[in-house]
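> If you read the sequence shown in the numbering used here, its first letter stands for residue 19, the second for the next number, and so on. One structure follows; several queries about it will come next.
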Amino acid sequence: MAEELNQSLEYTPTWIVAVVCSIIVFISLCAERALHYLGKFLKKRSQTALYEALTKLEEELMLLGFISLLLTVFQGLISDICITPKHATQMLPCKRSDEGLEHEIHYDTIINKRRLFSSDSGSQHCRQEGKVPLLSLEALHHLHIFIFVLAVVHVVFCVVTMILGGVRIREWKSWEDHAQSMAISSSGETLRVEEAGFFDKYAQGYWRKAAVVGWLRSFFKQFYGSVTKYDYLALRHGFIKEHCPNKPSFDFHSYMIRTLEIDFKRVVGISWYLWLFVVLFLLLNLEGWHTYFWLAFLPLIILLLVGAKLEHIITRLAQEAVANVDRTERVKPSDEYFWFGRPAIVLHLLHFTLFQNAFEIAFFFWIWCTYGFDSCIMEKIAYVIPRLIMGVIVQVLCSYSTLPLYTIVTQMGSSYKKFDDMGESSSLFHRMTKESNQHPQIGEQSIIMMENHAISSTIELSHTV
C-alpha cells in the first residue's frame, strides 16, 4: 500500500520534494558557474582556442540535455508501443535458455520494475493484447545513463590526452630555444650540421631508401623517439623557409601549441558520425558475435596506421629533399604526402580513435555498474582483460607518440592555420585585415600576436589574389 502511495508527487511529502529539488538545482548551478568562471579565466589568459573548446563542450552538454529531455518526455509513449513476443526475442545480446519460460520471467520483471518509475498502464495494455512493450522504462533509464556516461568519459579522455600530449610537446621548447639562439647569433652553419644528421638518418644508404624498409622503420619508430631533435630542427627549417623565409627566428613551437589548441576544439565534440557509430554498435552487439571484443582492436589498428603514416611522411620529406636537383637539402611541405592530399583526415582519424576508446571504457563501466561484472554482456574474463589493456595502450600511445607526431607533421602541409578565429590582439587583427582588404595586391601579410611577458611570434598569412 505504501508503495502505491509513493508512486506520484500527490502522495510524496513536500519536504522530500523540496530537498531533492534543492540539491539538484544547487549542483546544476555550481557546474554552470564553474564553467562560467573557467571561461573567464581562459579569456583573461588569452587562451581563445581553449575558450572556444570550452564553448564546444557546453554545446555538447546542451545536446545531452535535449537527449535527456526527449527520453524523459517520450518514455511513456515508447513503453506503450507493443510488439509481438517473436520480435522481442530476435537479435538479443544475451542468450535465453528457455524461450517461453524466460520470456515470462523477463516480462514479469519488466512489469514489476515499471512500478518504480511510473503508474502507467502501458505494460498491462500490451499484456492484454498478448504482446510486450517495445522498451521498458528500466531499459530507457539505463540507456539514458549510458549516453551520459559515454559523453563524460569522452570529454575526460580528450582532456587527458591533450594534457599529456601537450606536456610531451612542451619538452621540445629547449630545441626551439636552441634554434632561435642560433638564428639570432647567425650560427647557421651549426644548424646545417645538425640538420644534416636528419638527412643521413633517413635518406642515406640503399636499404633505407627501400619502400618496405622505410615503412617497417616508420612503424617501429613511433614506439621510441617518435620525434627527435634532428627531426624537429629539419621540419622547423622547412616550415619557415616555405611560409616565412624572412623570419628565421620565427617561434615554431608556440605556433604548434596554438594549432593544437584549435584542433582540440574539434576533437572534444561528438560529431554526428560518432553517434551513428554508437547506434551501429548497439545494433550489432549480438550474443555470440563478441562485437565488443573485436571492436577493441579498431582504435589500436587505426592509431598504429596513423603513427606509421606520420613517421613515413618524415622519411619521405628527407628522401625527396636529398633527391632534389637544386641540392638545397631542406624539407619542402606539401599536402601530397598525406592521404588523398588532405592533412585534416589525420585529425578525423584521431578524433574517431579517441571516441572509440572512450566508448570502450564507458561501456565497460556502464555494464559493470548497471548489471554487474557477471553480466552476459560483459562476457568472459578472457575477453574483458585484453579490452582494458588495449584501451590503456591506446591512451598512452596516442598521448605520448601519435598526438605529438600529428602536431608537428601536419605543419608540413601546403598551407597553415591563419588563426582567424582567435581573439588575441583582436583590434590589431581587425585593423590589419581591413588594410589587407583595401590593398588586394598585397601577397603576404604579417600578424603580430602579442603574448604575456612580451613574448611575440609573427605569423605570415600567405594567400593568392
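All C-beta atoms, glycine included, are put in the ideal place defined by N, C-alpha and C.
Once DSSP output is grouped into helix, strand and coil, what is the label at isoleucine 101?
DSSP places isoleucine 101 in strand when its eight states are reduced to three.
> Below 6 Å CB to CB, which residues in the same chain sit around lysine 247 once its five sequence neighbours on both sides are set aside?
So the list reads Trp193, once near-sequence residues are dropped.
> Which runs of the alpha helix (DSSP H) spanning at least 4 residues fall entirely within the segment 31-119, listed in chain order?
Those alpha helix (DSSP H) runs which fall completely within the segment 31-119 and span 4+ residues are 32-62, 66-91, 93-98 and 103-106.
> With DSSP as the reference, identify every bridge partner of valine 150, one or two as the case may be.
The partner list for valine 150 (beta bridge, DSSP) reads Ile101.
> What residues in its chain sit with their C-beta under 7 Å from that of valine 324, if we drop five residues either side in the sequence?
Val364, Leu367, Leu368 and Thr420.
> Among residues of its own chain, excluding the 5 on either side of tyrosine 389, which ones have a beta-carbon nearer than 7 Å to its beta-carbon?
The residues are Ile395.
> Where does the unbroken alpha helix (DSSP H) through glutamate 305 begin, and where does it stop?
No alpha helix (DSSP H) holds glutamate 305; DSSP gives it neither H nor E.
> Would you decide whether tryptophan 312 is buried or exposed? Buried here means 16 or more other CB atoms lie within 10 Å of its CB.
Its Cβ having fewer than 16 others within 10 Å, tryptophan 312 is exposed.
> Put proline 361 into one of helix, strand or coil per three-state DSSP.
Reduced to three states, the DSSP call for proline 361 is coil.
> By the DSSP assignment, the alpha helix (DSSP H) with glutamate 189 in it spans what residues?
Taken as a continuous stretch (DSSP letters only), glutamate 189 belongs to no alpha helix (DSSP H), as it is neither H nor E.
> Use the C-beta contact count for tyrosine 242: other C-beta atoms within 10 angstroms, 16 or more gives buried, fewer gives exposed.
Counting Cβ neighbours within 10 Å, tyrosine 242 comes out exposed, since fewer than 16 surround it.
> Apart from the five residues just before and just after leucine 110, which ones in its own chain have a Cβ nearer than 8 Å to its Cβ?
Same-chain partners within the cutoff: Leu304 and Glu305.
> I'd like to know if the segment 374-392 and the segment 156-176 are in contact, where contact means that at least 3 CB-CB pairs between them fall below 8 Å.
Cβ pair count under 8 Å is three or more, so yes.
> Going by beta carbon distance, what residues of the same chain come within less than 7 Å of isoleucine 96, once the five residues before and after it are set aside?
The residues are Leu152, Leu153 and Leu158.
> At 4 residues or longer, what runs of the alpha helix (DSSP H) sit wholly inside the segment 274-323?
The qualifying runs are 290-302 and 309-313.
> Glycine 3 to alanine 314, Cα distance in whole Å?
This structure cannot settle anything about residue 3, because the visible part of the chain is limited to 19 through 483.
> Would a C-beta distance cut-off of 9 Å place arginine 334 and glycine 232 closer than the cut-off?
Cβ distance < 9 Å, so arginine 334 and glycine 232 count as in contact.
> What does the alpha-carbon distance come out to for the pair isoleucine 93 and cysteine 39?
Reading the sequence as shown, one finds glutamine at residue 93 and not isoleucine. So the two alpha carbons sit approximately 21 Å from each other.
> Find out if the Cβ-Cβ distance for the pair tyrosine 291, isoleucine 426 is shorter than 9 Å.
Result no, Cβ atoms of tyrosine 291 and isoleucine 426 do not sit closer than 9 Å.
> Just to confirm the assignment, what range does the alpha helix (DSSP H) spanning proline 422 have?
Residues 421-427.
> With DSSP collapsed to three states, give me the class of lysine 247.
Three-state result, lysine 247: helix.
> Please report how far the alpha carbon of proline 31 lies from the alpha carbon of valine 43, in whole angstroms.
Near 19 Å, if we compare the C-alpha coordinates of valine 43 and proline 31.
> DSSP three-state label for asparagine 264, please.
Three-state DSSP puts asparagine 264 in coil, outside helix and strand.
> Is arginine 348 helix, strand or coil by DSSP?
Of the three classes helix, strand and coil, the one that applies to arginine 348 here is coil, per DSSP.
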